[in-house]
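Quick note on the numbering used here: the sequence shown kicks off at 1 and runs consecutively.
No residue lacks a Cβ here, since even glycine has one placed at the ideal position from N, Cα and C.
Small disclaimer: the values here were computed from a predicted structure and weren't measured.
Worksheet for the structure shown next.
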Amino acid sequence: MPAARPGLRHPLSGSNPATLLKVLAGNGPIPHQQWPQLAAIASAVLLRWPFTLAERAAALGLARRAQAMPAPVFIIGHWRSGTTHLYNVLSKSRAFNYVSPLATGLPWEMLSLARTLRPLLERALPAERFIDRIPVEPDSPQEDEIALANMTPLSFYHGIYFPQHFARNFNRGVFFDGCTNDESEAWQRTFVYFLSKVWCQHPQQSLLIKNPVYSGRVALLQALWPQAQFIHIYRNPYRVFSSMQTFYRQLFRTFALQPVEGLDCDEWILQTYPRLMEACLQQTAALPAGQLAEVCFEQFEADPLGELERIYATLHWDGFEIDRDAFARYLDSVSQYQKKPHALDAQTAQRVRDRWHPFIERWGYEPPVSLS
Numbered sequence: 001m002p003a004a005r006p007g008l009r010h011p012l013s014g015s016n017p018a019t020l021l022k023v024l025a026g027n028g029p030i031p032h033q034q035w036p037q038l039a040a041i042a043s044a045v046l047l048r049w050p051f052t053l054a055e056r057a058a059a060l061g062l063a064r065r066a067q068a069m070p071a072p073v074f075i076i077g078h079w080r081s082g083t084t085h086l087y088n089v090l091s092k093s094r095a096f097n098y099v100s101p102l103a104t105g106l107p108w109e110m111l112s113l114a115r116t117l118r119p120l121l122e123r124a125l126p127a128e129r130f131i132d133r134i135p136v137e138p139d140s141p142q143e144d145e146i147a148l149a150n151m152t153p154l155s156f157y158h159g160i161y162f163p164q165h166f167a168r169n170f171n172r173g174v175f176f177d178g179c180t181n182d183e184s185e186a187w188q189r190t191f192v193y194f195l196s197k198v199w200c201q202h203p204q205q206s207l208l209i210k211n212p213v214y215s216g217r218v219a220l221l222q223a224l225w226p227q228a229q230f231i232h233i234y235r236n237p238y239r240v241f242s243s244m245q246t247f248y249r250q251l252f253r254t255f256a257l258q259p260v261e262g263l264d265c266d267e268w269i270l271q272t273y274p275r276l277m278e279a280c281l282q283q284t285a286a287l288p289a290g291q292l293a294e295v296c297f298e299q300f301e302a303d304p305l306g307e308l309e310r311i312y313a314t315l316h317w318d319g320f321e322i323d324r325d326a327f328a329r330y331l332d333s334v335s336q337y338q339k340k341p342h343a344l345d346a347q348t349a350q351r352v353r354d355r356w357h358p359f360i361e362r363w364g365y366e367p368p369v370s371l372s
């Protein structure tokens, strides 16, 4: 698979010089066809540097203010399990603040330059997500992983950007494999700093955060916020596998700065799903009552308002009747959305069954031959 096409605004354009240098130093070489793209990234980073430094200095007090931040609510679950749909729906509640597209693209300057350039930046937003064609609006809630990939070298997205180093970046960015204590603690400080900046814009609201990576970091997040709540959504593993094949193809095609060579994506998906889900189930099992709600994606699709009401009851939230209309309006607006069809042959389905049977059996799914 070739590297990403030149001319696309690359997410790394939102990084700072220190992060960009660390990432480039550990992930070369970059083929000469991508040098124009790399030059565009570096130019954007350097042009914004004065604003980066100014906002960093102005926001030094946020670490102290963050102590007053209410414990966030985290939506977790493996990629392609319905986390985005649940996030989009719950974000319509007036109780929640969340990561915006501007905070994602310019995490270092979200309180300054991003506000100034908001009209221009909003016009540059894509009409829909390239992975699943879900519409993107200026206030669409975003995953925080791309933002954090612009602030720290520990992110699986660096494996997407530099696929010749995919395994190392994924394992470090998702599981902290091979990371020193200093590296993981630096990630935590950056993470809290970023969330503090998001929260301080609407401090009367709690943060709603969605990131599949956090499926394996429940214990860490609870250590940071003992009262944090988690919503774990799971989906038919056969569908997850098939959708993940498309997920990686689309990400590499769009963002890779190196050719994708020698990477067996199917095997990678088969290996990493059990590891992430085992960590998720083990750590969520230790949560106190009232801090975890589990959601079956298929049930959420069939009866979204009923499942939302159950989530509110499980997590002891007030206000469902107030939020119901906003949820219903959003659900009606996406009711015509058509998911991309995914095909899975019998041999591949059996491979999934052989490797993921504990989860298939735990949640009671059948092994279909074809999926759509």
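Is the beta carbon of residue i less than 8 Å from the beta carbon of residue j?
i           : j           : result
residue 211 : residue 294 : no
residue 375 : residue 11  : With the chain running from 1 to 372 in the structure shown, residue 375 is simply not present.
residue 62  : residue 196 : yes
residue 229 : residue 291 : yes
residue 150 : residue 14  : yes
residue 198 : residue 103 : yes
residue 235 : residue 364 : no
residue 260 : residue 163 : yes
residue 65  : residue 265 : no
residue 194 : residue 148 : yes
residue 328 : residue 305 : yes
Only counting the same chain, and skipping five residues up and downstream in sequence, which positions put a Cβ closer than 6 Å to that of residue i?
i           : result
residue 312 : 320
residue 352 : 238, 241
residue 300 : 307
residue 355 : 270
residue 8   : Residue placement at residue 8 cannot be trusted, given a pLDDT of 48 that sits under 50; the coordinates are not used to answer.
residue 323 : 93
residue 360 : 237
residue 18  : none
By a C-beta neighbour count over all protein chains shown, 10 Å radius and 16 as the cutoff for buried, is residue i buried or exposed?
i           : result
residue 335 : exposed
residue 256 : buried
residue 333 : exposed
residue 16  : buried
residue 5   : Residue confidence is low: residue 5 scores 45 on pLDDT, short of 50, so the model does not pin down where it sits. Its coordinate-derived value is still stated next. It is exposed - the Cβ of residue 5 has fewer than 16 other Cβ atoms within 10 Å.
residue 84  : buried
residue 27  : buried
residue 187 : buried
residue 34  : buried
residue 377 : This structure cannot settle anything about residue 377, because the visible part of the chain is limited to 1 through 372.
residue 345 : exposed
residue 337 : exposed
Closer than 8 Å by C-beta to residue i: which residues in its own chain qualify, once you throw out the five before and the five after it? Chain order, please.
i           : result
residue 174 : 156, 213, 216, 272, 276
residue 141 : 87, 88, 91, 98, 99, 100, 208, 210
residue 330 : 88, 89, 92
residue 57  : none
residue 184 : 154, 176
residue 303 : none
residue 326 : 92, 93, 94
residue 350 : 367
residue 358 : 274
Whose C-beta lies closer than 7 Å to the C-beta of residue i among residues of the same chain, with five residues either side of it excluded?
i           : result
residue 205 : 95, 96, 97
residue 55  : 108, 109, 111, 112
residue 25  : none
residue 179 : 154, 172
residue 437 : This structure cannot settle anything about residue 437, because the visible part of the chain is limited to 1 through 372.
residue 221 : 74, 214, 228
residue 316 : 290
residue 30  : 38, 257, 258
residue 69  : 196, 199
Just confirm the distance between the C-beta atoms of residue i and residue j, as a whole number of angstroms; I'd bet it's less than 8 Å.
i           : j           : result
residue 20  : residue 39  : Not quite, the Cβ-Cβ distance comes to about 12 Å (not below 8 Å), so this is no contact.
residue 227 : residue 71  : 4 Å
residue 190 : residue 246 : Actually they do not touch by this definition, with Cβ atoms about 30 Å apart.
residue 263 : residue 166 : 6 Å
residue 23  : residue 158 : 6 Å
Count the CB pairs spanning the stretch 241-251 and the stretch 84-102 that are closer than 8 Å, and state whether there are at least three.
no
Would you say the stretch 267-287 touches the stretch 71-81, given that touching needs at least three Cβ pairs under 8 Å?
yes
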